[in-house]
Amino acid sequence: MKTILLYYKYTDIQYPAQLIKWQKELCTRLALKGRIIVATEGINGTVAGTQQACQEYMHHMNNHPLLSGIDFKQSMCEGEPFPRLRIVEKEEITRMGKSPQEISYKDAGTHLSPSQAHELIETNQELVILDGRNKYESAIGRFKGAITPDIENFRDFPDYIDKNQHLFKDKQVLMYCTGGIRCERASAYLKSKGVAQQVYQITGGIDRYAQAYPDGYFRGKNYVFDGRIAVPINNDILSSCALCSETSDDYHNCVYAGCNKQLIICASCVAQNNATCSQSCREKILNNPAMMRKTPHKTATCIL
Ligand SMILES: [Zn+2]
Ligand SMILES: [Zn+2]
């Protein structure tokens, strides 16, 4: 059993190379594996190791002058979730495709705690709620009444805002994402357009909101970027099977290795189609069983 830590922090890092060197030494000494992104705008990581090693890691991070006060999210995992340790320097700690010089975390929307956000939704009938995630994430779970952009990748978010500015004109806008990291700069981007009256974001995202209000305004499942795929928050099912339209929110990756498409497929369609997404993929694996995907489709990544 391994402990997994997910975290991020936006902070000015003048010398990313130095921080990377320190992280490499620290993680190697603690036998932690995973993926860490360092940029001049901050750090974003997912690391896994023994409970003891993770405790020590958090302790050292907390004592670092630039990295104290991180809200670590811990989960447990069977086996070895990461094959190795990979620490890289990038321009952005989660890629929106806008330079941090142009769109800075320092210009982010006002942070609201889960209880402040809950109260705002309860009392402000005019509030516009904006999902900062991709369509496949919001399909299975979202805040009641939220606007859900039809995008496949966070890099498409700025373009979505550019084309839909009218939705936010003179409005108070509350943004959210899975764990908060995307909204930091996505809210700054929306603010940079100068159309919304006020832009808020939920600190800690759906993760922290749903902990405080499991039966609150967020309905359905929280899509996550690890082997779990989705974490049920409450029993609402918001989506339907891509093959038969029955109510379902179970994502499956087509087992034909040449396809691997992730679709919502209900249990009976999974059984009928041998866990493939279509008749043609089904025929391919029936004709050649060696083409069945052997490895899990995804491992944990850094997106929060
Ligand atoms: Zn179905
Ligand atoms: Zn397929």
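Residues 848 to 1151 in this note's numbering are what the sequence shown spells out, letter by letter. Glycine residues also receive a C-beta, built at the ideal position from the N, C-alpha and C atoms.
Between the stretch 909-927 and the stretch 970-978, can you find at least three pairs of beta-carbon atoms closer than 8 Å? The answer is no - the stretch 909-927 does not touch the stretch 970-978, with fewer than three Cβ pairs under 8 Å.
Rounded to the nearest angstrom, what separates Gly1041 and Lys1016 at their Cα positions? 9 Å
Per-residue burial, Ala864 [other beta carbons within 10 Å of its own, 16 or more giving buried]: exposed
Which two residues bound the contiguous beta strand (DSSP E) that contains Leu978? It is worth fixing the name first, because residue 978 is Asp in this sequence and not Leu. 975-978 is the extent of the beta strand (DSSP E) around Asp978.
What do you get for Asn1134, buried or exposed, if any count of 16 or more other CB atoms within 10 angstroms of its CB means buried? exposed
Go through its chain and collect everything with a Cβ distance to Leu937's Cβ below 7 Å, but skip five positions before and after it. Going by the sequence as given, residue 937 is Lys instead of Leu. Shown here for Lys937: same chain residues with a beta carbon closer than 7 Å to its own, the five before and five after excluded, namely Ile884, Ala886 in chain order.
With 16 as the cutoff for other CB atoms within 10 Å, does Glu1031 come out buried or exposed? Here Glu1031 is buried: its Cβ has 16 or more other Cβ atoms, across all protein chains shown, within 10 Å.
Short of 6 Å in beta carbon distance, which residues of its chain neighbour Cys1128, apart from the five on each side in sequence? Order them along the chain. Cys1101, Tyr1103, Cys1106
For Lys1145, which residues in the same chain have their Cβ closer than 6 Å to its Cβ, ignoring the five residues on either side in sequence? Note that Lys1145 scores a pLDDT of 47, beneath 50, so its modelled location is shaky; the value from the coordinates is reported in the next line. Result list for Lys1145: empty, nothing under 6 Å.
Measuring alpha carbon to alpha carbon, tell me which residue in Glu939, Ala895, Glu888, Arg933 is nearest Leu914. Of the listed residues, the one whose Cα sits closest to Leu914 is Glu888.
Closest to Lys953 by C-alpha separation, out of Glu1130, Met1139, Tyr1036, Pro1136, would be which residue? Measuring from the Cα of Lys953, the nearest candidate turns out to be Tyr1036.
With a threshold of 6 Å on Cβ separation, who are the neighbours of Ser1086 within its own chain once the five nearest residues in sequence on each side are excluded? Ala986, Ile987, Asp1096, Ile1111
Residue environment, Lys868, which counts as buried when at least 16 other CB atoms sit within 10 Å: exposed
Should Ser1125 be listed as close to ligand 2, given that the test is whether its C-beta is under 7 Å from any heavy atom? yes
Quick check on Pro1136: buried or exposed, where buried means 16 or more other Cβ atoms within 10 Å of its Cβ? exposed
Examine chain B for any beta-carbon lying closer than 8 Å to the beta-carbon of Gly889, and answer yes or no. Among the protein chains of the structure shown there is no chain B, as only one such chain exists.
Tell me the DSSP bridge mates of Leu1110? His1099
Contact set for His965: own chain, Cβ-Cβ below 8 Å, skip 5 residues either direction: Tyr1056, Ala1059, Tyr1060, Gly1063, Tyr1064
Alpha-carbon to alpha-carbon, Ser951 and Thr858: Distance between the alpha carbons of Thr858 and Ser951 is about 10 Å.
Near Cys1116, what residues of its chain come up, given a Cβ to Cβ distance below 7 Å and the 5 sequence neighbours on each side ignored? Cys1088, Leu1090, Cys1091
Among Tyr1070, Glu872, Ile851, Ser960, which residue has its Cα nearest to the Cα of Met1022? Restricting attention to Tyr1070, Glu872, Ile851, Ser960, the CA atom closest to the CA of Met1022 is found in Ser960.
Exposed unless 16 or more other CB atoms sit within 10 angstroms - verdict on Cys1149: Note that Cys1149 has pLDDT 38, beneath the 50 cutoff, so the model's placement of it is unreliable and no number is given.
Rounded to whole angstroms, what's the CA-CA distance from Cys1124 to Met1139? Just pull it up for me. 13 Å
Could you tell me which uninterrupted alpha helix (DSSP H) segments, each at least 4 residues in length, are contained entirely in the stretch 982-1056, listed from first to last along the chain? 982-985, 1004-1010, 1028-1039
Per DSSP, what kind of secondary structure is Leu1133 in: helix, strand or coil? helix
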